[in-house]
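Trainee: Counting in my numbering, the sequence shown runs from 9 upward without gaps. Ideal Cβ placement from N, Cα and C applies to all residues, glycine included. Predicted, not measured: the structure shown is a model, and the values here were computed from it. There's a structure below that I have some questions on.
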Amino acid sequence: MKRIVLIVIGILVTASCWAVEYSYVPLVREGVQWVNLWQCINPENETTDYCISAFEFRGTQEFNGNTYHKLYLSTIDKNIDVKAVADENEPVALMREDDEAIYAIMLQTVHGRYLNGDDMTEILAYDFKEPSNSFLCKYFNQQLLSTTEIMVDGVKSMKYEFSSQDVVEQVGYDGENTVLLPFKGGVTDGSSFGLAFVQKGSEIIYKGKCYADFLTFSNNNYSYVPLVREGVQWVNLYSMALKNYVRGYKVAEIVLEFDGVEIVDGVEYAKLVCRVNGNTSRGFSSCLMREKDKVVYLRMNQDCPEVILYDFNDMTRSWGYRGGSEIDVEFVLVDGKMRKKFKLSWVDVIEGIGANPYYYGDLTSGLMLEAPDDGSQYGLSHVIEHGDIVYEGCARIYDILWGSGDANGDGVVNGADVTVIYRLLLYDPDENPFVDDWPHTGLFGLHAADVNRDGYLNGADVTALYSRLLSNE
């Protein structure tokens, strides 16, 4: 049998969060960023030097018979000329996790903080079974004050509060002069270094003790990223109800990007080109957009009137905005830059990205009043810039699933998936609402069932799945 490792990008929670059972989540994992704030008062001009940086695990390395994850530190923003952080091209540390214990080998200093020597000595950074054994807790002889359960990334996690810091599952240290790794705190140069927040994708899953200070510096120093720009690709996924397959693709990858300009009534617009499964869509290629003073304007074609797609100064002026919903604004890290994310009850809108709704919508859909009436659904998978994925949307999981054969979404490819594909082939949405009949994935379940990735679901996918099962037995 073949097992599929699924990277969970989003979880749709239908019950109370506190009904979720406790589940330990490893701290050492990729796809997560620990954003930190360093501050130091400059007595000469009474200003504050600062540096906002991020830790992130990327890749592994073998050492002394163990597999370690490499931890990198990158600078996001700073107001000082001197180099405030480590070499960004080399890992600052190696870390591994074994039975809820995390071991670390320090390789570089961070703002002058360094604990052990450069002899590749491994230390016990965290012990989540016995938190008092965690390095900084023992180093500073910390007393455990309380233990509580908190929600981190939709999962119950344990938080251990010590005298001057917290030790949190999935997060690590959170407190005065503490960072993800046990670099030495308590320095005497008047500087401080602490956790601002932990981010997964575009979601802040934990706010650290330095979060308020971070917001102050971000508001003062962040720069706006335009949405209308060339060199960026928005990759969306599209699914259509089975009875409508003759009208178009049942499963498709739709790529949007700006290419060229067009003049309408003396105004210059960028042309938004659409490619469906690699082919240019003529019917969509005339979509026109422009941007001025953080306001994005849209014409669906030359004859259509111009509308305000997004107003990043006042989101209530955006196309399709439904009144009565409070708009929360927070900073997120995208492609190494801090950007504002506007959180509405039904959609997120991010500067330079656009809308990221859960089951439908795309760059040009504004704030989507309702799902399309033809039974189809859209979802943003990811955004590509400089050849790299810089943002992952809510539909990213379905892009990963596409062609996997895991039609029932249980993480295993076996005969049960063949049965599900047959059910899909015989399915009549008029008799049974599709979303209610399909746990977790809605219409995007078609992506997993499209084993040969040709955009259609038919007998060829059953044959392809049988061949895959036989080749892996």
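#1: Which residue from Glu338, Val240, Val303 puts its Cα closest to that of Arg325?
#2: Leaving aside the five residues before and after Leu102 along the sequence, list all residues of the same chain whose C-beta is less than 8 Å from its C-beta, in chain order.
#3: Taking Cβ positions, are Arg347 and Ile358 nearer each other than 8 Å?
#4: Who pairs with Gln69 in a beta bridge, going by DSSP?
#5: Would you call the stretch 165–176 in contact with the stretch 219–228, where contact means no fewer than 3 C-beta pairs closer than 8 Å?
#6: With a CB to CB cut of under 8 Å and the five nearest residues on each side skipped, what residues in its chain are close to Glu184?
#7: Mind checking which residues open and close the alpha helix (DSSP H) that includes Glu145?
#8: Where does Asn460 sit, in a helix, a strand or coil, going by DSSP?
#9: By how many angstroms is the C-alpha of Phe205 removed from the C-alpha of Thr155?
#10: To which residues does DSSP link Ser247 through a beta bridge?
#11: Please report how far the alpha carbon of Tyr227 lies from the alpha carbon of Asp85, in whole angstroms.
#12: By how many angstroms is the C-alpha of Gln150 removed from the C-alpha of Lys208?
#13: What distance in whole Å lies between the Cβ atoms of Asp267 and Val281, which are believed to be in contact at a cut-off of 8 Å?
#14: Helix, strand or coil for Phe63 per DSSP?
#15: Go to Thr427, then tell me how far its alpha helix (DSSP H) extends in each direction, as first and last residue.
#16: Is it buried or exposed for Thr224, if we count other Cβ within 10 angstroms and need 16 for buried?
#17: Could you round the C-beta distance between Val187 and Val118 to whole angstroms and report it? I think they count as a contact, below 8 Å.
#18: So Ser479 is in the alpha helix (DSSP H); what residue range does that whole segment cover?
#19: What residues match up with Tyr305 in a beta bridge as DSSP calls it?
#20: Give every residue of the same chain whose Cβ lies closer than 6 Å to the Cβ of Asn50, excluding the five residues on either side of it in the sequence, and list them in chain order.
#21: By DSSP, does Thr324 sit in helix, in strand, or in coil?
#22: Here's the rule: buried if 16 or more other CB atoms are within 10 angstroms of the residue's CB, otherwise exposed. What is Leu34?
#23: Closer than 6 Å by C-beta to Val179: which residues in its own chain qualify, once you throw out the five before and the five after it? Chain order, please.
#24: Under 7 Å Cβ to Cβ from Glu261, same chain only, skipping five residues before and after it: list those, please.
#25: With 16 other CB atoms within 10 Å as the buried threshold, where does Glu400 fall?
#26: If you drop the 5 nearest sequence neighbours on each side, which residues of the same chain put their C-beta closer than 6 Å to that of Ala468?
#27: Specify, as a first and last residue, the run of the alpha helix (DSSP H) that Leu409 falls within.
#28: Within 10 angstroms of its Cβ, does Leu153 collect 16 or more other Cβ (buried), or is it exposed?
#29: Between which residues of its own chain and Leu132 is the CB-CB distance below 7 Å, once the five residues before and five after are set aside?
#30: Going by the DSSP bridge assignment, what does His390 pair with across the sheet?
#31: Between which two residues does the beta strand (DSSP E) carrying Lys482 extend?
#32: Please list the terminal residues of the continuous beta strand (DSSP E) segment that includes Tyr111.
#33: Please report how far the alpha carbon of Pro447 lies from the alpha carbon of Glu29, in whole angstroms.
#34: So for Gly453, helix, strand or coil by DSSP?
#35: How big is the Cα-Cα spacing for Thr471 and Tyr386?
#36: Mapping the DSSP letters down to three states, classify Val443 as helix, strand or coil.
Mentor: Let me spell this out:
#1: For the purposes of this step, residue 325 is taken as the residue at position 317 of the sequence shown. For the residues Glu338, Val240, Val303, the minimum Cα distance to Arg325 belongs to Val303.
#2: Residue mapping note: residue 102 aligns to position 94 of the sequence shown, counting from 1. Gln69, Phe71, Tyr76, His77, Lys78, Leu79, Ala112, Ile113, Leu115.
#3: On the sequence shown, position 339 is the one that residue 347 refers to. On the sequence shown, position 350 is the one that residue 358 refers to. Yes, the pair counts as a contact, with Cβ atoms nearer than the cut-off.
#4: Numbered from 1 along the sequence shown, position 61 holds the residue referred to as residue 69. Paired residue(s): Tyr76.
#5: No: fewer than three Cβ pairs fall under 8 Å.
#6: For this step, residue 184 is matched to residue 176 along the sequence shown. Here the set comprises Ser172, Gln173, Gly193, Ser200, Gly202, Lys217.
#7: What you label residue 145 is simply residue 137 of the sequence shown in a count that begins at 1. Just to set this straight, residue 145 is Cys in the shown sequence, not Glu. 143–147 is the span of the alpha helix (DSSP H), which, as asked, contains Cys145.
#8: On the sequence shown, position 452 is the one that residue 460 refers to. In the displayed model, Asn460 falls within coil according to three-state DSSP, outside both helix and strand.
#9: Looking up residue 155 in the sequence shown gives position 147. Looking up residue 205 in the sequence shown gives position 197. If I take the Cα positions, the gap works out to 20 Å.
#10: For the purposes of this step, residue 247 is identified with residue 239 of the sequence shown, where counting begins at 1. Paired residues: Val259, Gln385.
#11: Taking the first residue of the sequence shown as position 1, residue 227 is located at position 219. Taking the first residue of the sequence shown as position 1, residue 85 is located at position 77. For the sequence presented, residue 227 should be read as Asn rather than Tyr. About 12 Å.
#12: Taking the first residue of the sequence shown as 1, we reach residue 208 at position 200. Taking the first residue of the sequence shown as 1, we reach residue 150 at position 142. Their backbone Cα atoms lie some 30 Å apart in a straight line.
#13: Position 273 of the sequence shown, counted from the start, is the residue given in the question as residue 281. Position 259 of the sequence shown, counted from the start, is the residue given in the question as residue 267. With 8 Å as the limit, Val281 and Asp267 qualify as a contact, their Cβ atoms being about 5 Å apart.
#14: Indexing the sequence shown from 1 puts residue 63 at position 55. Strand at Phe63.
#15: One-based indexing of the sequence shown puts residue 427 at position 419. That run of the alpha helix (DSSP H) goes 423–434.
#16: Counting from 1 along the sequence shown, the entry for residue 224 is found at position 216. Within 10 angstroms of the beta-carbon of Thr224 lie fewer than 16 other beta-carbons, which makes it exposed.
#17: Within the sequence shown, numbered from 1, the residue matching residue 187 stands at position 179. Within the sequence shown, numbered from 1, the residue matching residue 118 stands at position 110. Rounded, the Cβ-Cβ distance is 7 Å, consistent with contact.
#18: To locate residue 479, count along the sequence shown from 1; it is residue 471. It spans 467–479 - the alpha helix (DSSP H) in which Ser479 sits, taken as one unbroken run.
#19: Taking the first residue of the sequence shown as 1, we reach residue 305 at position 297. Paired residues: Arg298, Ile316.
#20: As a first step, residue 50 is located in the sequence shown; it is residue number 42 there, counting from the start. Within the same chain, Asn50 has close Cβ partners Asp57.
#21: Here the question's residue 324 lines up with position 316 in the sequence shown. Reduced to three states, the DSSP call for Thr324 is helix.
#22: To locate residue 34, count along the sequence shown from 1; it is residue 26. Before going on, a small fix: residue 34 reads as Pro here, not Leu. Pro34 is exposed by the Cβ-count criterion.
#23: Numbered from its first residue, the sequence shown carries residue 179 at position 171. Hits under 6 Å: Val206, Tyr214.
#24: Here residue 261 corresponds to residue number 253 of the sequence shown, with the count starting at 1. Excluding residues within five positions, the ones whose Cβ falls inside 7 Å are Val243, Leu245, Asn285.
#25: For the purposes of this step, residue 400 is taken as the residue at position 392 of the sequence shown. Flag for Glu400 reads buried.
#26: For this step, residue 468 is matched to residue 460 along the sequence shown. Shown here for Ala468: same chain residues with a beta carbon closer than 6 Å to its own, the five before and five after excluded, namely Asn460 in chain order.
#27: For the purposes of this step, residue 409 is taken as the residue at position 401 of the sequence shown. It spans 404–409 - the alpha helix (DSSP H) in which Leu409 sits, taken as one unbroken run.
#28: Locating residue 153 in the sequence shown gives position 145, where the first residue counts as 1. It counts as exposed.
#29: Reading the sequence shown from its first residue, position 124 is the one you call residue 132. Correct list, in chain order: Ala109, Tyr111, Asn141, Phe143.
#30: Along the sequence shown, read from residue 1 onward, the residue named residue 390 stands at position 382. According to DSSP, His390 bridges with Val243, Glu400.
#31: As shown, the chain starts at 9 and ends at 481. That puts residue 482 outside it, with no answer to give.
#32: Residue mapping note: residue 111 aligns to position 103 of the sequence shown, counting from 1. In this chain, the beta strand (DSSP E) harbouring Tyr111 covers 109–114.
#33: In the sequence shown, counting from the first residue as 1, residue 447 sits at position 439. In the sequence shown, counting from the first residue as 1, residue 29 sits at position 21. Below a pLDDT of 50, predicted positions are generally treated as unreliable, and Pro447, at 40, falls in that range; no measurement from the model is reported.
#34: As a first step, residue 453 is located in the sequence shown; it is residue number 445 there, counting from the start. Three-state DSSP puts Gly453 in a helix.
#35: Position 463 of the sequence shown, counted from the start, is the residue given in the question as residue 471. Position 378 of the sequence shown, counted from the start, is the residue given in the question as residue 386. C-alpha separation (whole angstroms): 28 Å.
#36: The residue given as residue 443 occupies position 435 in the sequence shown. For Val443, the predicted structure reports a pLDDT of 45, less than 50, and the residue's modelled location is therefore unreliable. The matter cannot be settled from this model.
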